[in-house]
Amino acid sequence: MLPATPVSFHGSCQEIPSLDEKFRVFNCKSPDTCMVGYVEIQRVNKDYCEEAKKIDYSPSPVHQEYFGRIDGPDTFYVNFTGAQKLAVSEWQFREDCSYRFPYTFHNSGAVQLSITHVYDGFRGVNEVSQEWPEYLGNVVVQDHEDTICPQCPATNTSGLQSNESTSICDDERPVRGAWVPWQDTALSTSGYLWSPLGCVYTHKIKPIQERACLANPRSILFTGDSQIRVTYDNIWRRFDGQLGRINTLNRFLDRKKVIKNVTLYHHKDVFLEDIAGRTPAELLTYDTIVFNFAQWPASGPNNGGHWTTEKFLSRLTNVTDYLAGIRDSRPKGKPLRLIWHGIHAFSTTNPYSKSRIDWRTNPRLKNWNVFAEDIMKGHGIRSINSFQITYPMIDTSPDKAHYFGTDAEEAIVDETLHKLDLCEPVY
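So the sequence shown is numbered by full-length UniProt numbering: it starts at 1 and just counts up by one.
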């Protein structure tokens, strides 16, 4: 994101050669604030956007206006690699049929910029047409070389970890971070490591470390879809002191695991129907509920998907209202902590997306994630930064859907453990 204070870009834009004649591309750097800038993509034919305004892409007037104003008819994957792995997940559509992708780097050095045209005609957010949103995959820019902050010290392989911060990361809001170069293969398989910005986590429960925390009595329910099941399995791996990563997708079953005084439960609830039907007395078993919701509502019709944004938000609002109400009315001595697991970005090259008429596009999931974080903030529910963590790493998904065995999943587990805060009592 661009800084909150205005940044001058006057005369700072340089055109980048485009491989697609439909677009012109510019990289605009602030001459005053190092590492800040934006990529601007302009449609050559400005009439295209005027014609696209005639498309009905949402049954909700509110969301029709929102997608038209925020997303625009085109979707691009703007991705930097090198000194930092950064995919810009928030952009600004402009009335002149251009798109601005603001970026802030946190590491200096050489980067390579690639841009792919992913969707056109509002297909990335369309919730009226029941067709599969065709993935274009047209390369606009490929590995354009640039240098971030050349006057800054050279980047080392430890990246932001060299910045010694003692501030504890936020235990409620999603923790912002950056993917920085890392050459220790014991910690990174992608060549990058997720590093929180300006803060440190309290506890990661790395093997052997801080095992005393497991003596605190805790009863934790993980419920939602298979993304949360992967996190459940990996948190158990951390608790159990296993060094290797889980490189297979375990069966989607209800589970219960106990180590010392901590009990972990997993329950499949892809539409959050079961959790909303449990009574407060039934939920007294748990002092923490970690939940997620989005992948199945956004999937194909045979899996119960093709939900509109309005339907998704209605279900999520009802569930969070219910859970927050239970939390706020718990009897003394039986507190309840709620943690929103966030929404994972989805691979653009999933081999089954077309045959299943899958609606899991990243602009759709991005918007749902933004709306969901606002809901959680309003209820004081802790949130995991899953979308920003996974969006730059969609190319690492082993099955083009999940992130088991990847650096992205390790980063999500780290933040989840921070939000669980096992070494302190729930209050």
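Virtual Cβ for every residue (Gly too), placed ideally from N, Cα, C.
Considering Cα atoms alone, identify which of the options is closest to residue i.
| i | options | result |
| --- | --- | --- |
| Phe293 | Phe371, Asp47, Ile326, Arg255 | Phe371 |
| Asp358 | Glu65, Gly124, Ser58 | Gly124 |
| Ser129 | Trp307, Lys46, Arg100, Ser195 | Trp307 |
| Tyr119 | His106, Val140, Gly109 | Val140 |
| Gly342 | Val175, Ser314, Val44 | Val175 |
| Ile275 | Phe291, Glu50, Glu15 | Phe291 |
| Lys256 | Asp233, Asn45, Gly241 | Asp233 |
| Phe67 | Glu415, Ala401, Leu365 | Leu365 |
| Pro315 | Phe271, Gly333, Glu282 | First, the residue type needs correcting, since residue 315 is Arg and not Pro in the sequence shown. If we check each option's Cα against that of Arg315, Phe271 comes out closest. |
| Gly244 | Trp194, Phe122, His63, Ala186 | Ala186 |
| Gly241 | Phe252, Glu373, Lys260 | Lys260 |
| Trp194 | Pro392, Leu422, Asp421, Asp399 | Pro392 |
| Tyr103 | Ser397, Cys34, Tyr265, Asp171 | Cys34 |
| Val180 | Ile220, Phe105, Asn216 | Phe105 |
| Ser190 | Glu415, Leu422, Asp414, Glu410 | Glu410 |
| Ser299 | Glu65, Lys22, Asn350, Gly333 | Asn350 |
| Asn216 | Ser188, Pro196, Gln183, Val258 | Val258 |
| Phe312 | Glu273, Gly277, Glu282 | Glu273 |
Considering only residues of the same chain and omitting the five flanking positions on each side of residue i, which have a CB-CB separation below 6 Å?
| i | result |
| --- | --- |
| Val262 | Leu214, Arg218 |
| His267 | Thr223, Asp254 |
| Asp74 | Asp120 |
| Leu323 | Leu338 |
| Thr320 | Ile375, His379 |
| Phe80 | Leu86, Val111, Leu113 |
| Gln142 | Ser114 |
| Ser226 | Phe252 |
| Arg330 | Leu336 |
| Pro17 | none |
| Arg173 | none |
| Trp340 | Met376, Ile381, Ser383 |
For the putative contact between residue i and residue j, defined by C-beta atoms under 8 Å, what is the C-beta separation to the nearest angstrom?
| i | j | result |
| --- | --- | --- |
| Ile375 | Leu338 | Actually they do not touch by this definition, with Cβ atoms about 11 Å apart. |
| residue 430 | Asn362 | Residue 430 is absent from the structure shown; the chain starts at 1 and stops at 427. |
| Tyr57 | Asn126 | 4 Å |
| Glu145 | Ala110 | 7 Å |
| Asp395 | Tyr192 | Actually they are not in contact, since the Cβ atoms of Asp395 and Tyr192 sit about 11 Å apart, beyond 8 Å. |
| Cys97 | Arg24 | The Cβ separation is near 11 Å, so there is no contact. |
| Pro297 | Ile326 | Not a contact, Cβ separation roughly 23 Å. |
| Gly72 | Phe93 | 3 Å |
| Gln84 | Ala178 | 6 Å |
| Trp132 | Ser353 | 7 Å |
| Ser108 | Ile148 | 5 Å |
| Asp20 | Leu249 | Not a contact, Cβ separation roughly 36 Å. |
| Ile220 | Leu420 | 7 Å |
| Ser60 | Glu373 | That belief does not hold up - the Cβ atoms of Ser60 and Glu373 are roughly 19 Å apart, past 8 Å. |
| Tyr99 | Ile41 | 5 Å |
| Arg356 | Gln295 | With a Cβ gap of about 12 Å, Arg356 and Gln295 do not count as contacting. |
For the alpha helix (DSSP H) that contains residue i, what are its first and last residues?
| i | result |
| --- | --- |
| Gln64 | 61 to 70 |
| Glu310 | 309 to 328 |
| Ser386 | 386 to 390 |
| Lys377 | 362 to 379 |
| Asp233 | 226 to 239 |
| Glu273 | 273 to 277 |
So, for residue i: in the same chain, excluding its five sequence neighbours on each side, which residues have a beta-carbon less than 8 Å away from its beta-carbon?
| i | result |
| --- | --- |
| Ser12 | Cys28, Lys29, Ser30, Pro31, Gly37 |
| Arg229 | Phe222, Asn250, Phe252, His266, Lys268 |
Give the DSSP bridge partners of residue i, in chain order.
| i | result |
| --- | --- |
| Leu417 | The partner list for Leu417 (beta bridge, DSSP) is empty, contrary to what the question assumes. |
| Lys260 | According to DSSP, which records beta bridges pairwise, Lys260 is partnered with nothing at all. |
| Asn79 | Ala87, Ser114 |
| Arg43 | Phe23 |
| Asn302 | Paired residue(s): none; Asn302 is not in a bridge. |
| Glu15 | Phe26 |
| Thr223 | His267, Phe291 |
| Gln92 | Arg100 |
| Val36 | Thr104 |
| Ser383 | Trp340 |
| Leu119 | First, the residue type needs correcting, since residue 119 is Tyr and not Leu in the sequence shown. DSSP output for Tyr119 lists Thr75 as bridge partner(s). |
Tell me which same chain residues have a C-beta within less than 7 Å of the C-beta of residue i, skipping the five on either side of it?
| i | result |
| --- | --- |
| Ile412 | Thr231, Ile384, Ser386, Ile389 |
| Tyr427 | Pro335 |
| Ile246 | Asp233, Asn234, Arg237, Phe404, Gly405 |
| Asp269 | Thr223, Gly224, Ile275 |
| Glu424 | none |
| Ser89 | Lys366, Phe387, Gln388, Tyr391 |
| Ala52 | Pro73, Gly121, Phe122 |
| Leu136 | His117, Val118, Tyr119, Asp120 |
Can you name the start and end residues of the beta strand (DSSP E) that residue i belongs to?
| i | result |
| --- | --- |
| Cys169 | Careful: Cys169 lies outside any beta strand (DSSP E) and carries neither H nor E. |
| Ile194 | The sequence shown places Trp at residue 194, rather than the Ile named in the question. Element bounds for Trp194: 192 to 196. |
| Trp340 | 337 to 340 |
| Tyr352 | Note, Tyr352: premise wrong, no beta strand (DSSP E); not H, not E. |
| Glu145 | 138 to 148 |
| Ser98 | 98 to 104 |
| Trp179 | 177 to 181 |
Hey, would you say the C-beta of residue i is under 6 Å away from at least one heavy atom of the ligand FMN?
| i | result |
| --- | --- |
| Glu273 | In terms of ligand content, the structure shown is empty, and the ligand FMN therefore cannot be addressed. |
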